[in-house]
Every structure is written in structure tokens, then in C-alpha cells.
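Everything in the sequence shown is counted per the UniProt record's numbering, starting at 1 for the first residue and increasing by one.
One structure is given below, encoded as C-alpha cells.
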Amino acid sequence: MAPAPPRVGNSDASPLLDLPPELRNKIYGLVFGKRTIHVGRPSLGSKLDSHRQVGECLAEISDKDHRRSMHHRAVAADSKAAIQRQKVLKAFGVPLNKKSDDVFGYGGFESRHKYCQFGGYSHVKELNLLRTCKQIHDEAAGIPFASNEFTFQNAATFASFVASIAPHQHAAIRNVTLYALGYERERTWAGTGLTRSLTSLTGLRRVVLTVAVRRCDLMSGRNIKSRQTRQRLFAGLEMLKDVNMCEIEVLIINSEGMGRAVMSAVARDESVPSCADLVKWEEEIKATLLPSGNALEGEVLA
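Structure, rendered in C-alpha cells:
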């Protein structure tokens, strides 16, 4: 949105409005942008879609950066002895040391977001600045939507949020993260509501999918490494082909219940996915959802 020219009355009362428009835009970007905003808690257990909570992510490291660092650590420790000893631990989120955030799975995800998951969530306080005068609102109202990344715990939360904002705000949103964790996975991918909600965001540029693999996915003799099993696990994602987006990132993590209780049984199962398997599947999904040549440059974590 083009900045409105300064109004004499407002600029006399406010040093901010006396600044050149380009400087005001930079200030608005610093105040309102460059954040990750959770819409609904980033957790396995929240079912209260009607009680939507909105707040800033407090994780010290992003999901993508944590995943990248853990993968490269696994590659650096790539020896036969290390793989035999740590394959299950790293793949299923069993802590390797006392630092609970240093795991490759849902345990690490939950630890990074632990301060985001409790009460006290509220709308970002800085948004109150938009209420101070009409000129500031007209100039900056679109920036919180265009300059932040929004995360959603499931399709219902996402659809509710999209329905609650105005059409010009639909066009402003650029970056969206969808969490499909635990029982929420089927709800996230089922039906056509997700595609409809994403399609309504006409300015959408990038989507991140964070998908959880669960303990039940290894039961009944299923070989999770088989392409047939993976197609069942991620059924419904193909509908995202209809969404006009330029970039997509896929993160596959392991959910709760894949820890010490099943470690010994899983350790004897040759179908257990390694870190490299998870990354390979991410690239397969990404290649399926985007036209050739649209994959994120430099995002292959090999």
C-alpha cells in the first residue's frame, strides 16, 4: 500500500508523522514485522479451535534451522558404530544428553516451543500502535500480515483465521506454516477446506509443512520406508498443487510415543527411518507439490 502523504495536523503532534514516508515505512517494518506468529498453539493436544490464540513465537531457533543443524550433525557422525548406536535415538527424538532441545524429533520441537504453548498468549502488543491515528493505520495496517510468518496448528484454525480477516489482508499474507502433528494430521489434510483457504491468500509466496510421523505408523507390520506406506501417510497433500505458491518447505518430525518405551523394539526393526530417510522424503514431497524448477534454491539438506 502506498504511504499516505503527511497531514499537517498529525505531523505537528507526532514526530513520527513528520518523518519522510520511506523512513516511516522502515520503522513500521521494524515494529510490526520479521516475527513468527502462532495462530493456535504449536502442540499435539489443543482441540479448542474456537478458542483461537494468537501470539509471537518465543523459540530461540526456528524449526528449519534446528532441523538443518541436526541433519548436518548426523552426517558428521556418519560412521557404522555411530549409526548403530544413535540411529533410533536421533530418528525418534530420544534425548542424547540433558539438553532436551538437542533432539531430532517431536521432543526437540516441543522443547523449542515450550514457552509458546502456555496461557498468556495475546495479540502482539505493538499492534496497538495502529489504533493511535487513522494515518498510521492507513499506512501500516498491511505490514503485520505481509512481513510476518503465520503458523497454524490445523486446518480448522487456519480456516477460522482466514474467514476472520478482510480481503485486502488475504492479499497481504506471504508466508504460512502448517503443523500436522499427531491426531491433527488427518484433520489438516482431509477434505478441500485447506486448499480453499490457501487459495484465498492471493499474495501467498511460501508454505512450510511440518508433518509428524507417529508410533502407530510403524504398527501392523507396516514398512514405513515403502513408497506405498508413505503415500498413505501423506495422502491429501497432492491437493496443494492447486495452490498458487512459489516456494514450499517440508519438515518431517517424529511425534510423541516414539521414545524410550519403544526404543528397544524399534531398534530391531529395519524399517526404522534414519535422519537421511526423513530428509529424502521431504524432498520427494516437495518435488511432488511444486512444478519442476520451483524448489527452494539451496534447501536440499544433503
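All C-beta atoms, glycine included, are put in the ideal place defined by N, C-alpha and C.
Nearest neighbour of residue i, chosen from the options [CA to CA]
i           : options                        : result
His142      : Ile285, Arg174, Leu237         : Reading the sequence as shown, one finds Gly at residue 142 and not His. Comparing Cα-Cα distances from Gly142 to each of Ile285, Arg174, Leu237, the minimum goes to Arg174.
Ala166      : Phe145, Phe150, Thr151, Val176 : Phe145
Leu289      : Gly55, Val207, Thr132          : Val207
Pro57       : Glu149, Lys280, Ala180         : One point to set straight first is that residue 57 is Cys, not Pro, in the sequence displayed. Ranking Glu149, Lys280, Ala180 by Cα distance to Cys57 puts Glu149 first.
Val213      : Ala180, Gly203, Thr199         : Ala180
Gly40       : Pro21, Thr151, Gln135          : Thr151
Val211      : Gly203, Phe234, Pro20          : Phe234
residue 318 : Gln135, Glu283, Ala276, Ser164 : Because the chain is modelled from 1 through 302, residue 318 falls outside the range shown and cannot be assessed.
Between the CA atoms of residue j and residue i - distance to the nearest angstrom
i           : j      : result
Arg227      : His137 : 51 Å
Ile285      : Val250 : 7 Å
Leu17       : His168 : 24 Å
Leu194      : Tyr28  : 31 Å
Val31       : Leu240 : 33 Å
Glu238      : Lys114 : 31 Å
Leu178      : Trp281 : 17 Å
Val54       : Pro15  : 31 Å
residue 373 : Leu209 : Limits of the chain in this structure are 1 at one end and 302 at the other, which puts residue 373 out of reach.
Cys133      : Leu19  : 16 Å
Cutoff 6 Å; reference residue i; Cβ partners in own chain excluding five residues on either side
i      : result
Leu278 : Ile252
Cys246 : Arg205
Asp242 : Thr195
Ala159 : Gly193, Ser197
Residues bridged to residue i (per DSSP)
i      : result
Asn175 : Glu149, Arg206
Ala163 : Note: Ala163 sits in no beta bridge, so no partner.
Leu251 : Thr210
His38  : Gly55, Thr151
Own chain, CB closer than 8 Å to residue i, minus 5 neighbours either side, in chain order
i      : result
Ser62  : Thr36
Leu201 : Val162, His170, Ala171, Ile173, Val176
Cut-off 7 Å between Cβ atoms - residues of its own chain near residue i, not counting five sequence neighbours on either side
i      : result
Ala140 : Tyr28, Phe32, Leu130
Ser147 : Gly29, Phe32, Gly33, Lys34
Exercise for the section: For the region 127-140 and the region 153-162, state whether three or more C-beta atom pairs, one from each stretch, are separated by less than 8 Å. Expected result: no
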